[in-house]
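*Asks:*
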Amino acid sequence: MSVTRLGSQTRQLIDAARHELRSDPASVEELRHSAARLEEPLRVALTGTLKAGKSTLLNALVGEEIAPTDATECTRVVTWFEQSATPRIDLTHDSGRRTRLAVHRDEGRLALDLGGVTADRVEKLQVGWPSPLLGEFTLVDTPGTSSNSRDVSARTRALLLPEDRPCDVDAVVYLTRGTDGADVRLLDQLQTRVGTAAGPLGIVGVLSRADEVKGGRERNLDAARAAADDAGRRVERSLLPVSGLLALRGRTLRQAEFDDLAVLATVPDGTLEAALRSVTRFTAEDTELLLSTGQRRELLEPSVCSVSGSRSC
Ligand SMILES: Nc1nc2c(ncn2[C@@H]2O[C@H](COP(=O)(O)OP(=O)(O)OP(=O)(O)O)[C@@H](O)[C@H]2O)c(=O)[nH]1
Ligand SMILES: [Mg+2]
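For the record, in the sequence shown the residue sitting at position 228 is 227 according to numbering that gives the first Met the number 0, with numbers rising by one throughout.
(1) Determine the DSSP secondary structure at A34, reduced to helix, strand or coil.
(2) Sort out for me which residues DSSP pairs F136 with in a bridge.
(3) Who does P240 pair with in a DSSP beta bridge?
(4) How many Å lie between R99 and D163 at the Cα?
(5) Quick check: the segment 233 to 252 against the segment 46 to 66, are there 3 or more CB pairs under 8 angstroms?
(6) Pairing CB atoms from the segment 132 to 142 with CB atoms from the segment 18 to 32, are three or more of them under 8 angstroms?
(7) Which same chain residues end up closer than 7 angstroms to L60 when comparing Cβ atoms and leaving out the 5 residues on each side of it in sequence?
(8) Using alpha carbons as the reference points, say which of G47, G127, V183 and D187 lies closest to P339.
(9) Going by C-alpha to C-alpha distance, which of N219, R253 and G6 sits closest to E38?
(10) Using the Cα positions of R280 and A153, report the straight-line distance between them to the nearest angstrom.
(11) In or out: L252 buried (at least 16 other Cβ within 10 Å) or exposed?
(12) Do you know offhand how far P129's Cα is from F80's?
(13) The beta strand (DSSP E) with G127 in it runs from where to where?
(14) Beta carbon of T74: closer than 6 angstroms to some heavy atom of ligand 2?
(15) Just how far apart, CA to CA, sit A170 and R232?
(16) Drop a sphere of 10 angstroms on the beta-carbon of Q125, count the other beta-carbons inside from all chains shown, and report buried for 16 or more, exposed for fewer.
(17) Quick one: grab the DSSP three-state call for V193.
(18) Helix, strand or coil for G6? Go by DSSP, reduced to three states.
(19) The alpha helix (DSSP H) that contains L220, what's its start and end?
(20) Can you tell which of A261, S291, R295 and L289 has the C-alpha that lies nearest to the C-alpha of S277?
(21) Using the Cβ count rule (16 or more neighbours within 10 Å means buried), how would you classify P345?
(22) Below 6 angstroms, is the gap between the Cβ of S277 and the nearest heavy atom of ligand 1?
(23) Alpha carbon to alpha carbon, how far is T282 from V303? Give it in angstroms, no decimals.
(24) Going by DSSP, which residues form a beta bridge with Q82?
(25) Could you pull the DSSP bridge partners for R99 from this structure?
The following block contains the structure:
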């Protein structure tokens, strides 16, 4: 059945229920809320273990670096990315008070500066951004489920496994790099709630950072698929291998980078493969690689930045 048809049937059901329950104000209010939600973009949360690549995948989907990423623990508050005509950032304090924050970019990336408020006092951060994708989906970036701080993980659990109210998100993209114990626990708990008011409607499982799977003699893509199947068997669900970083670089590739990659693609396979084994080899003085060392360094620059942890998050 098409989504549009399903939507119109749901609308009809809500209208009928509103009519039947018109003498019960609490039910009428709940149904009014459901009807309003139906007109809004689908809410999709990206969740999973610490450093699984959640924020990077969100950026890849939007095609811009609006969710801070880093090699060290980065996302500490639940952040909602919503469609907006102009960029804006709103912070809801734990007291319920809302503050509008200044929008700053740092080397093209959105800097989420909480303006002196500590993460534990933040209830919710909402980033409004002009993006066609956000017109269809509201994306929710969450702190890692196995955060170094229990409070930080608790925020993700409070969002996804609410105790006393319906779940605020419609679907979950669950990123895992394998089968760490805490990962599987949350995934299992979410699974038992799928389709109930207290849970999401569905979960998409992802084996993230799939480019890091070592291929040996196999092609990396095949190795990533095999690793996802393997991990999927252990968690008893299918996992999609995804490299958010590769997707992000692809979506934000500049013309000069594209041209340099096209030159590199003409280097004989053996020479290129040997150079790609490490950063040191790739950036060594080597005329056979056709690009200057500076050009090759520039191609690596995004990952060099994140490894050095020099970004502000
Ligand atoms: N190789 C590789 N690295 C990735 C990929 N996705 C993310 N990374 C790197 O992994 C690190 C963590 O990425 P984030 O996107 O910040 O991960 P996160 O899950 O949001 O992290 P927290 O919010 O701290 O839990 C960064 O250094 C990223 O550059 C990927 O697909 N491939
Ligand atoms: Mg993050």
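Don't be surprised by glycine CBs; every beta carbon is placed ideally from N, CA and C.
Model, not experiment: these values are computed from the prediction.
*Replies:* Well, looking at it:
(1) In the structure shown, A34 sits in a helix (DSSP, three-state: H, G or I).
(2) BP columns for F136 point to L41.
(3) The partner list for P240 (beta bridge, DSSP) reads L206.
(4) Distance between the alpha carbons of R99 and D163: 29 angstroms.
(5) The segment 46 to 66 and the segment 233 to 252 touch, with three or more beta-carbon pairs separated by less than 8 angstroms.
(6) Segments in contact, no.
(7) Only L132 and L138 meet the Cβ criterion.
(8) Residue numbering for the chain in the displayed model covers 0 to 312; residue 339 lies beyond these limits and cannot be assessed.
(9) Ranking the options by Cα distance to E38, first place goes to G6.
(10) Rounded to whole angstroms, R280 to A153 spans 43 angstroms at the Cα level.
(11) Exposure of L252 is indicated by the presence of fewer than 16 other C-beta atoms within 10 angstroms of its C-beta.
(12) Going by C-alpha positions, P129 is about 10 angstroms away from F80.
(13) Run containing G127: V121 to W128, per the beta strand (DSSP E) assignment.
(14) True, at least one ligand heavy atom lies under 6 angstroms from that Cβ.
(15) Going from the Cα of A170 to the Cα of R232 covers about 22 angstroms.
(16) Flag for Q125 reads buried.
(17) Note: V193 maps to coil in three-state DSSP.
(18) Annotated three-state conformation of G6 is helix, per DSSP.
(19) Note, L220: alpha helix (DSSP H), N219 to V234.
(20) The shortest C-alpha to C-alpha distance from S277 to any of A261, S291, R295 and L289 is the one to R295.
(21) Residue 345 lies beyond the range of the chain shown here (0 to 312); nothing can be said about it.
(22) S277: no, Cβ never under 6 angstroms from ligand 1.
(23) Here V303 scores only 39 on pLDDT, less than 50, and its place in the model should not be relied on; the value that follows carries that caveat. V303 and T282 have their C-alpha atoms spaced approximately 12 angstroms apart.
(24) Answer is W128.
(25) Per the DSSP secondary-structure output, R99 pairs in a beta bridge with D89.
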